[in-house]
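Reviewing the structure listed below.
Residue numbers (this note's numbering): 1 to 396.
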């Protein structure tokens, strides 16, 4: 008998003997015997994992990677049974580290830890009464809008002030990336029954609270769309992140749904009725602004709305596949000039896309709040069509 066959036969015999020993042992000692079996199995698997490295698989996950996943992702030391099971699984074939991590983040225990430790679910929305005269429910895990409002601070006051100046009864406002609905509700109150708000929010958790805020404030002039706005029809992956989710291309892997959701995406040009005159747009989509504006070209050229957007070149390159200067030049090709709204309330008019880039590079913030306005355009008076029939002012 060869040494290899002899070793395998011995291991098989010992394994069978171990199983019989566990069944025959008194209840008080079974756990100890089981742990000893796990450790013996883990030792054999560790030898196999080292062999993978020797055989030219340096990317393969190791027993140390498994322990790190327990500590970093599950927040605890590994139990013997689970550790043995994971190590045995990756020892059966070379397993990339990314695949090992995916197995952990797809587990119920990881999702429960997110819910318990990081308030990953919405929890019970908390009401906040605002100085603007309306009530807004916020999610406990929202570190952006929700935290500011709960602490009595004004939210993006430098942006809110300028946007408020542009909206009046009869105006049409488009809110892309509406989140919990601060701007949607504010605009809905400003434009009145004769105006219209088109609100788009893909995140299922945000969408529920947004709908609650619309109902709470008795707004019947809001068209709410539970989808992402992009440069064309597609299915995207929405990665949850507190109050701000991140939209990414869906790679087809169903395991990612443990930490996110699939959402439908449409171009704004396909979403809005071609007869609708849009006055003001707000775009806050965590770097996907380039995709939004590419899919809104017809609407922008036809209506020349004032556009408020967050400008972050690093996020644009990741989410939209375009540089900051490319986005600015796209808007400039539509006939737009720019004004940078600073957090201290100051505004900086700039004459070119290059000037916007210069201000961004000189600034310490991760983004700029930019207002883009069609050159030579005056704010449209909405009173002329304030009593237009609702079917002419709707969206499809």
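Built from N, CA and C at the ideal position, the CB exists for glycine as well.
Nearest to residue 342 by C-alpha distance, out of 311, 170, 222, 334, is 311. Taking a contact to require three or more Cβ pairs closer than 8 Å, the stretch 193 to 203 and the stretch 170 to 183 qualify as touching.
Taking the Cβ atoms as the reference, residue 137 lies roughly 7 Å from residue 216, within the contact range of under 8 Å. The DSSP-derived three-state label of residue 236 is strand.
Within its own chain, the residues whose Cβ lies closer than 7 Å to the Cβ of residue 132, once the five positions on either side in sequence are excluded, are 186, listed in chain order. Here residue 346 is exposed. Its C-beta has fewer than 16 other C-beta atoms within 10 Å. Residue state for residue 300 is assigned as helix, using DSSP reduced to three classes. Residue environment for residue 220: exposed (fewer than 16 other C-beta atoms within 10 angstroms of its C-beta). The C-alpha of residue 238 is placed about 6 Å away from the C-alpha of residue 246. Just measuring C-alpha positions, the residue of 230, 60, 102 sitting nearest residue 254 is 102. Secondary structure within the stretch 247 to 307: the beta strand (DSSP E) runs of 3 or more consecutive residues, fully enclosed, are 260 to 267, 280 to 283 (chain order). For residue 357, the enclosing alpha helix (DSSP H) has its first and last residue at 353 to 362.
Counting along the chain, the unbroken alpha helix (DSSP H) around residue 104 starts and ends at 97 to 105. When DSSP states are grouped into helix, strand and coil, residue 175 belongs to the strand group. If you draw a straight line from the Cα of residue 323 to the Cα of residue 371, it comes to about 18 Å.
The C-alpha of residue 168 lies about 22 Å from the C-alpha of residue 210.
If you look at residue 61, you'll find it isn't in any alpha helix (DSSP H); DSSP assigns it neither H nor E. The alpha carbon of residue 194 has as its nearest neighbour, out of 308, 170, 84, the alpha carbon of 170. Residue pairing by DSSP places residue 223 opposite 198 in a beta bridge. In the DSSP assignment, the residues bridged to residue 129 are 135.
Distance from the CA of residue 303 to the CA of residue 296, rounded to the nearest whole angstrom, comes to 11 Å. Secondary structure of residue 110 (DSSP, three-state): helix. Taking 8 Å as the cut-off, the Cβ atoms of residue 189 and residue 134 count as close. Cβ-Cβ distances below 6 Å link residue 264 to 227 in the same chain, with the five nearest sequence neighbours on each side left out; the list follows chain order. Distance between residue 308 and residue 373, taken at the CA atoms: about 9 Å. Annotation: residue 92 is outside any alpha helix (DSSP H) and is labelled neither H nor E by DSSP. Residue 311 is bridged by DSSP to 368. Going by beta carbons, residue 369 and residue 218 fall outside the 8 Å limit. Approximately 15 Å separates the beta-carbon atoms of residue 129 and residue 180; this is outside 8 Å, ruling out the contact.
Just measuring C-alpha positions, the residue of 359, 330, 333 sitting nearest residue 339 is 359. In this structure, residue 66 lies near residue 87, with their beta-carbon atoms less than 8 Å apart. With 16 or more other Cβ atoms from the protein chains shown falling within 10 Å of its own Cβ, residue 289 counts as buried. Shortest Cα-Cα distance from residue 60 to any of 96, 71, 85 involves 96. Rounded to whole angstroms, residue 335 and residue 274 show a C-alpha spacing of 20 Å.
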